[in-house]
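So the structure is just underneath, and the comments pick up after that.
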Amino acid sequence: MHPHLHTKDNMACEEVMNALEECHARGFMWKAMGMCNDAKANLVQCLKAERWKSQSTNRGNVADKKERIRQKWREIDENS
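So that you can map any letter, position 38 of the sequence shown is 99 in this note's numbering, and since no number is skipped, the others follow by simple counting.
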């Protein structure tokens with residue numbers, strides 16, 4: 062598995078990543094015959110869910126930050 066996938070953000074998917082690595086370790090023919098496709102699909106689904114959680118959190122943080130900036134501008138406009 063790529064090192065950038067093994068981060069603190071993807072800890073929930075570590076078990077699925079290990080399952081895919083074990084499947085790949087069985088050899089080239091095992092992969093070529095499509096025996097790892099289910100493990101790969103599970104990993105993609107897990108990473109997608111983790112990315113969605115991260116994006117939701119980030120959207121909430123951005124909305125809070127924008128509101129703080131708007132409030133600061135209101136204060137500046139009121140004081141000028």
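Just so it is clear, CB atoms sit at the ideal spot from N, CA and C, and this is done for glycine as well.
{"query": "Within 10 angstroms of the Cβ of methionine 78, are there 16 or more other Cβ atoms? Answer buried if so, exposed if not.", "result": "buried"}
{"query": "Are the beta-carbon atoms of serine 115 and aspartate 70 separated by less than 9 Å?", "result": "yes"}
{"query": "Return the CA-CA distance between valine 105 and asparagine 140, expressed in angstroms with no decimal places.", "result": "52 Å"}
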